[in-house]
Amino acid sequence: MSLEQLLAHVHIPKMVRVRQNFARPMLTDIPKTVKEEMQRPEILGRIKSGDKIAVTAGSRGIANIVIILREVVANLKAIGAEPFIIPTMGSHGGATAEGQVEVLHSLGITEESVGAPIQATMDVVQVGVSAGGMPVYFDKYAATVADATVIINRVKPHTSFRGSFESGLAKMIAIGLGKQRGAECCHSGGSGKMSKRIEDIAQTCIEKTNIVFALGIIENAFDETCKIVALPKEEIMTQEPELLEEARTNLPQILFPKYDVLMVNKIGKNISGLGMDPNIIKRFPTLAMQFEPSMQRIVVLDLTDETHGNFHGLGLADVCTKRVFEKIDYSKTYPNPLTSRLPEASKIPMVMENDILALKAAIQTCSNVDYSKIKIVWIKNTLKLDEILISEHLLDQVRSDSRLEIRGDPQPMVFNERGDLLRDF
C-alpha cells in the first residue's frame, strides 16, 4: 500500500486567518537613537582618532541590523576611528571564516551596506581563565588588530537554557567572540549551568580584553526594534539581566494553549538558533527545559534561503517535507550539535514527499483526538506571529479571547498536482 493510500482517509480541515494582537512599542528613528546613545561621553569618549575598532556582527536575523551597524560605523568614523566588522557567531557558518562571511552577506551585512570591511577568522587567542576554571578565548583580529572592540547584539530569552544571561551581549562575548573553540568550551558542561558559564567567561573577557562598550537591542513581538541602549563595559554585566527581563515580556506567542498540529512554513538559523524558537513552540531539545506541550505534532515545510542548508533544530519536528530534506547541508549543520552537545536538535524527522502528505502524517500520528475536528495552527515562522492560520475548530477560542481577531472566512487548503500548497499567507 502506498503512503497516499495509507493516508487517503485523513481529513484536512478548512483554515481561517486570525490576527494575534500584541503590545507594539517601537523605535521610529533607529539612526537617531543609535547616535544619541553613542554620543554619551562614557561611550564614544573611550575611542580615540586613529583607533582600529572591531565591531561584532552575529548570525541572527536581527531587525534593522544593517541600519544599526551602518550608524555605529558612521559614528566611529566621524571621530576618526577605523571600524571593521568581525563575524561573531561561535561555530555557525560551518565553523569556517568563509562560511561566517557568507552568513553575514545573507543578512545583508556587507562592506558596501555598513561602510566597513569584514575581517573574518576562526583563530582565537586565550586571554585568561574564567572563575569557573574554563579557558577564555577571544577573536584573534579583535585581540591583535583592534585597539577596541564594540559588542552589538539583541537580548532575548535563549532557546535551550534559563538564567540571568541568555541570548545577548554576554553570550556574544563568551561564545560569539570565542569562535568554535570558545563555543565548544562553554557548551562542554551542558545546558544546566550554561548561563553561569557565560557570565564567568564574559566577565573575564571584559576584564582582560579591549571591549569598551556594547549596544543592546530589544525587539517587540512583531520582530521590530523597540529599544537600543549603549552600555559602557562596566555596566554590561549588571544591566543585561534587566534587559533580558524586558525582552521576555515582549516575546510573541501562539495564543492557543492546546491544539493538535503545528505547521511551520520555514525554519532557519536566521529565525532562531534552533530554526524555530522553542520558547514559541513550547518544545525544547534539553531535559533542563521541558514544559507541558501545547501540541502533539510539528510539521516543517521548508528551510529559509538564509540558513544555507543548516537544519539545526529540525529535530524538534515530527514530520518534514522532501523539499526540506533535499536542502540539507550536513557540513553546515553538524558543527552546531557537535559544539553545543545537542545532537537531538539535528535529528531528521519523518520525511514525506510533499506538503499534503506531511500534514496528513502529522494528523494521522496524533493520539486521543477527534480527527473530524482536528485543531491545526499554521505559522510562517516563529518570528512572524501577528497573522496565523488556524483550523475552523479553534474558532471558539478566538471568539473568547480579546487578543485574537478573525480576518476572514474558513477556506480549504489548496494543493497543486504535486501535492504542495498553492498559497500560504
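Numbers in our numbering are just positions in the sequence shown, counted from 1, shifted up by 2.
Heads up, the beta-carbon is just placed ideally off N, CA and C, and yes, glycines get one too.
Just so you know, these numbers come straight off a predicted model, no measurement behind them.
Residue i, enclosing beta strand (DSSP E) - first and last residue
i, result
"residue 234", "227-234"
"residue 352", "352-354"
"residue 155", "150-156"
"residue 19", "17-22"
"residue 423", "Here residue 423 belongs to no beta strand (DSSP E), and DSSP marks it neither H nor E."
"residue 267", "263-269"
Boundaries of the alpha helix (DSSP H) in which residue i is found, first to last residue
i, result
"residue 332", "332-335"
"residue 108", "99-108"
"residue 304", "Careful: residue 304 lies outside any alpha helix (DSSP H), inside the beta strand (DSSP E) at 299-305."
Under 8 Å between C-beta atoms of residue i and residue j
i, j, result
"residue 334", "residue 96", "yes"
"residue 392", "residue 378", "yes"
"residue 71", "residue 170", "no"
"residue 321", "residue 266", "no"
"residue 257", "residue 403", "yes"
"residue 32", "residue 81", "no"
"residue 172", "residue 238", "yes"
"residue 323", "residue 360", "yes"
"residue 277", "residue 316", "yes"
Local conformation of residue i per DSSP, three classes
i, result
"residue 143", "helix"
"residue 178", "helix"
"residue 360", "helix"
"residue 348", "helix"
"residue 7", "helix"
"residue 87", "strand"
"residue 75", "helix"
"residue 41", "coil"
"residue 387", "coil"
"residue 217", "strand"
"residue 188", "helix"
"residue 117", "coil"
Close-in-space but distant-in-sequence residues of the same chain around residue i (CB under 7 Å, 5 per side omitted)
i, result
"residue 371", "262"
"residue 342", "189"
"residue 178", "58, 60, 90, 91, 92"
"residue 37", "73, 77"
Reference residue i; option with closest CA among the options
i, options, result
"residue 144", "374, 157, 237, 129", "129"
"residue 412", "248, 12, 19, 102", "19"
"residue 86", "93, 75, 92, 80", "75"
"residue 217", "260, 224, 235", "235"
"residue 21", "422, 424, 420, 381", "381"
"residue 222", "422, 30, 343", "30"
"residue 64", "241, 154, 296", "154"
Check: residue i C-beta below 7 Å from any heavy atom of the ligand ADP
i, result
"residue 325", "Although the ligand ADP was asked about, the structure shown includes no ligands whatsoever."
Residues of its chain near residue i, where Cβ-Cβ distance is below 8 Å and the 5 sequence neighbours each way are ignored
i, result
"residue 42", "232"
"residue 2", "What the structure shows of the chain is the stretch from 3 to 427, and residue 2 is not part of that stretch, so it cannot be assessed."
"residue 410", "18, 19"
"residue 211", "129, 140, 144, 145, 151"
Contacts around residue i, its chain only, beta-carbon distance under 6 Å, and the 5 residues preceding and following it disregarded
i, result
"residue 385", "225, 273"
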